[in-house]
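J.:
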Amino acid sequence: MKETKEYTLYNDTVMDHFLNPRNMGDVQEADGVGEVGAAACGDIMKISLKIRDGKIEDARFKTFGCGSAIASSSMATELIKGRTLEEAKNFSNQEVVDALGGLPPVKIHCSVLAEEALKAAIEDYEAKQAPKTAAA
Amino acid sequence: MDKRFVYLDHQATTPVLEEALQAMLPYFREAYGSPSSLHRFGLQVREGLKEAREKIARMINAESEEDLIFTSGGTESSNLAIKGFADANHRKGNHLVISAIEHPSVMNSVEYLTKHGFEVTQVPVDAVGRINPEDVRAAITDKTILVAVHLVNHDIGTIQPVKEIAKITAEKGIALYADALAAAGWMPIDVQDLGVQLLSFSPHRFYGPKGIGVLYRNRKARVTSHIHGGVQENGRRAGTENVPAIIGAGVAAEIAVRDLSKRVEHVAALQKRLYEGLWKHIEYIKLNGPEPGPLRVCNTLNLSTEFIEGEGQLLLLDYQGIAVASGSSCVSKSLKVSHVLSAIKLDHALAQGNIIMSLGKDNTVEDVDYVLDTFPKIVHKLRNMSPMWKEFEEGVIDSVIKPTGRGKSFTEHAAAVSGKAAH
Numbered sequence: 217m218k219e220t221k222e223y224t225l226y227n228d229t230v231m232d233h234f235l236n237p238r239n240m241g242d243v244q245e246a247d248g249v250g251e252v253g254a255a256a257c258g259d260i261m262k263i264s265l266k267i268r269d270g271k272i273e274d275a276r277f278k279t280f281g282c283g284s285a286i287a288s289s290s291m292a293t294e295l296i297k298g299r300t301l302e303e304a305k306n307f308s309n310q311e312v313v314d315a316l317g318g319l320p321p322v323k324i325h326c327s328v329l330a331e332e333a334l335k336a337a338i339e340d341y342e343a344k345q346a347p348k349t350a351a352a
Numbered sequence: 292m293d294k295r296f297v298y299l300d301h302q303a304t305t306p307v308l309e310e311a312l313q314a315m316l317p318y319f320r321e322a323y324g325s326p327s328s329l330h331r332f333g334l335q336v337r338e339g340l341k342e343a344r345e346k347i348a349r350m351i352n353a354e355s356e357e358d359l360i361f362t363s364g365g366t367e368s369s370n371l372a373i374k375g376f377a378d379a380n381h382r383k384g385n386h387l388v389i390s391a392i393e394h395p396s397v398m399n400s401v402e403y404l405t406k407h408g409f410e411v412t413q414v415p416v417d418a419v420g421r422i423n424p425e426d427v428r429a430a431i432t433d434k435t436i437l438v439a440v441h442l443v444n445h446d447i448g449t450i451q452p453v454k455e456i457a458k459i460t461a462e463k464g465i466a467l468y469a470d471a472l473a474a475a476g477w478m479p480i481d482v483q484d485l486g487v488q489l490l491s492f493s494p495h496r497f498y499g500p501k502g503i504g505v506l507y508r509n510r511k512a513r514v515t516s517h518i519h520g521g522v523q524e525n526g527r528r529a530g531t532e533n534v535p536a537i538i539g540a541g542v543a544a545e546i547a548v549r550d551l552s553k554r555v556e557h558v559a560a561l562q563k564r565l566y567e568g569l570w571k572h573i574e575y576i577k578l579n580g581p582e583p584g585p586l587r588v589c590n591t592l593n594l595s596t597e598f599i600e601g602e603g604q605l606l607l608l609d610y611q612g613i614a615v616a617s618g619s620s621c622v623s624k625s626l627k628v629s630h631v632l633s634a635i636k637l638d639h640a641l642a643q644g645n646i647i648m649s650l651g652k653d654n655t656v657e658d659v660d661y662v663l664d665t666f667p668k669i670v671h672k673l674r675n676m677s678p679m680w681k682e683f684e685e686g687v688i689d690s691v692i693k694p695t696g697r698g699k700s701f702t703e704h705a706a707a708v709s710g711k712a713a714h
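Here is the structure:
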């Protein structure tokens, strides 16, 4: 065992996003909030969005879950900022996995949870918009 | 406090004692003969093995050192105890009684047998993981051939009433197998006083080497060999003996007996300091298993910290130099929480927040104080990151540990957001 090597459970990118999560917290006066849980393991992820002119201006997360769940939500919020709603609706968990440089097979579902939380937040936004659109 | 490395996973494994290592070394390159050989190289090693066997027999007060079978580890010992005994005794009956919280090597050996004509009854445990001997009595049928109950639970540290259970099995004329994996080295073990017919343990849990397990089997309990080949271990376990490991195990056993009261006193004091400190500094934390004292093994604490998950705690502790284990589903490859935590009916949210800290003889007061300084900060960081913490503060969900009467339970909330129950 080499003394100088750091042995970590996940790769450097995942560890970085776990140890220094980006966009952690709640968007104040969010336009859309999605909270989803993984039935398989019990993890819970919440993503809140600020939306301006059909674009995601800000995205924040809170996660009850393992290291890869926290890293997945951190990365997902990083990736999604600045995208249009249409682009965001096509967001796939694979993008999170790729950006993180891969996740162990048993942890892929964590990235799925991030995708689901994002889509739930968009649905929440659209549901809130619908009455306004109808009224207009 | 300055970062330091603190190993708190002694229920996984321990470092090899210097004395054990030194005793082992000559057996790699000098005394390298096979104990089955009839020349001086073999006979020399045979003598070393005999001495090691005697030391290990003394550690558990076996009637004879001939009652010990050396295997490759605790898991092989459990497999041999369960499957070997079932094979040798299947004409007497096909029913086994085990507790619901046995080690996976016992649970899965028994599960294998159920696919081959055996039946099993799992005796439940109470909220701290204790088996009621009367439940064992009630589970025994006229087909029962073996009862398997561990001395100490590997996850939550509960000491089981094995001696009381032995009275029942003796009365019924049934063999009792006690897995002593989590107990050996941390409490006195006397197979004759306990009244068990089979008992297994693994020396790497008490500063011996890995790759060696022990099965004690007295003359009343026949086991059929499962590793076939030559007549090593009196024909009960074929294959050239792992001589250096057996020699190291002998030394570890001898020192475990010599130092037992000193080790127990030291580790129990650290356990108490850690327990009291954690509960003083962290709110919404639950101890799994009995309070430190006569019902709990001296070296472990199993705790659930509410509103956060266990793997995150483990990783952040590791980042700060502190090595612990967790029974959270996120840590297991099967995504299931530890069967032990399920058996004590621990709420799923608390099972998710599970951490196991197991102390050893080389841990110090400074180590414990470093953990007490570090862990509350980690809990704070993860709670800030957890949606559950804020939702608890806002009264959306309630605490399981200290209910306020406001909000839904975590489990109800988790089911609502995931569409399915968390279990």
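In order, the protein sequences belong to chains A and B.
So the first sequence is numbered by the numbering used here: it starts at 217 and just counts up by one.
So the second sequence is numbered by the numbering used here: it starts at 292 and just counts up by one.
Glycine included, C-beta positions come from ideal geometry on N, C-alpha and C.
1) Cutting at 7 Å between CB atoms, please list the residues of its own chain near Arg-697/B, excluding the five before and the five after it.
2) Can you tell me whether Ser-595/B is helix, strand or coil according to DSSP?
3) Under a CB-based cut-off of 8 Å, is Leu-235/A close to chain B?
4) Taking all protein chains shown into account, decide if Gln-451/B is buried (16 or more other Cβ within 10 angstroms of its Cβ) or exposed.
5) Is the segment 338-356 of chain B close to the segment 504-516 of chain B, with three or more CB pairs under 8 Å?
6) According to the neighbour-count rule (16 or more other Cβ atoms, all chains shown, within 10 Å of its Cβ), is Asn-525/B buried or exposed?
7) In this structure, how does DSSP classify Asn-352/B when only helix, strand and coil are distinguished?
8) Return helix, strand or coil for Lys-294/B, following the three-state DSSP convention.
9) Can you name the residues of chain B whose CB is closer than 8 Å to the CB of Leu-316/A?
10) Any beta carbon from chain A within less than 8 Å of Val-708/B's own beta carbon?
11) Does Met-292/B pass the burial test, meaning 16 or more other C-beta atoms within 10 Å, or should it be called exposed?
12) Going by DSSP in three states, Ala-311/B sits in which element: helix, strand or coil?
13) How about the segment 299-318 of chain B and the segment 636-655 of chain B: do they share at least three Cβ pairs that are nearer than 8 Å?
14) Taking the alpha-carbon of Thr-750/B as reference, which of Gly-476/B, Asp-433/B and Ile-480/B has the nearest alpha-carbon?
15) Would you decide whether Asp-484/B is buried or exposed? Buried here means 16 or more other CB atoms lie within 10 Å of its CB.
16) Indicate whether at least one CB of chain B lies closer than 8 Å to the CB of Asp-259/A.
17) So that I know if they touch, is there some Cβ in chain B lying closer than 8 Å to that of Ala-256/A?
18) Where does Lys-711/B land, buried or exposed, given buried means 16+ other C-beta within 10 angstroms?
19) Please classify Leu-334/B: does DSSP put it in a helix, a strand, or coil?
20) Relative to chain A, which residues along the segment 662-691 of chain B have a C-beta separation below 8 Å, given in chain order?
21) Since Val-328/A meets chain B, which of its residues come closer than 7 Å, beta carbon to beta carbon?
22) Can you find a CB in chain B that lies within less than 8 Å of the CB of Lys-335/A?
23) Indicate the three-state DSSP secondary structure (helix, strand or coil) for His-386/B in the structure shown.
24) When you compare each of Val-443/B, Ala-559/B and Ala-640/B to Ala-719/B by their alpha carbons, which one comes out closest?
25) Could you compute how far the alpha carbon of Lys-693/B sits from the alpha carbon of Tyr-575/B?
26) Listed from N- to C-terminal order along the chain, which residues in the segment 592-621 of chain B have their beta-carbon within a distance smaller than 9 Å of any beta-carbon of chain A?
27) Just checking my contact of Ser-617/B with Glu-602/B at CB under 8 Å: how many whole Å lie between their CB atoms?
28) Tell me the residue span of the alpha helix (DSSP H) that contains Glu-251/A.
29) Would DSSP call Thr-224/A helix, strand or coil?
30) What is the residue span of the beta strand (DSSP E) that Arg-276/A lies within?
31) Out of Ala-256/A, Ala-254/A and Ser-327/A, which one is the CA nearest neighbour of Gln-310/A?
32) Touching or not, the segment 526-533 of chain B and the segment 547-567 of chain B, by the rule of three or more beta carbon pairs under 8 Å?
33) Leaving out five residues before and five after Val-388/B in sequence, what residues of the same chain have Cβ atoms less than 7 Å from its Cβ?
34) Assign Glu-600/B to buried or exposed, taking buried as 16 or more other Cβ atoms, counted over all protein chains shown, within 10 Å of its Cβ.
35) Pick out whichever of Gly-448/B, Cys-621/B, Gly-384/B and Ser-325/B has its Cα sitting closest to the Cα of Glu-771/B.
36) State the start and end residues of the unbroken alpha helix (DSSP H) segment that holds Arg-513/B.
T.: Looking at the atomic coordinates:
1) Gly-686 and Asp-689
2) strand
3) yes
4) buried
5) yes
6) exposed
7) coil
8) coil
9) Those do not exist, as Leu-316/A stays about 15 Å from chain B at its closest Cβ, beyond 8 Å.
10) yes
11) exposed
12) helix
13) yes
14) For residue 750/B there is no data in the structure shown, the boundaries of chain B being 292 and 714.
15) exposed
16) yes
17) yes
18) The pLDDT assigned to Lys-711/B is 47, lower than 50, so where the model puts this residue is not dependable; a value taken from the coordinates is nonetheless given after this. It is exposed - the Cβ of Lys-711/B has fewer than 16 other Cβ atoms within 10 Å.
19) helix
20) Asn-675, Met-676, Ser-677, Pro-678, Met-679 and Lys-681
21) Here the premise fails: no neighbours, minimum Cβ distance about 12 Å.
22) no
23) strand
24) Residue 719/B is absent from the structure shown; chain B starts at 292 and stops at 714.
25) 7 Å
26) Phe-598, Ile-599, Glu-600, Gly-601, Glu-602, Gly-603, Leu-605, Leu-606, Leu-607, Asp-609, Tyr-610, Ser-619, Ser-620 and Cys-621
27) 6 Å
28) No alpha helix (DSSP H) holds Glu-251/A; the beta strand (DSSP E) holding it covers 248-253.
29) coil
30) 271-280
31) Ser-327/A
32) no
33) Thr-412, Val-414, Val-427, Ala-430, Ile-431, Thr-435 and Val-438
34) buried
35) Residue 771/B lies beyond the range of chain B shown here (292 to 714); nothing can be said about it.
36) Per DSSP, Arg-513/B belongs to no alpha helix (DSSP H) and is neither H nor E.
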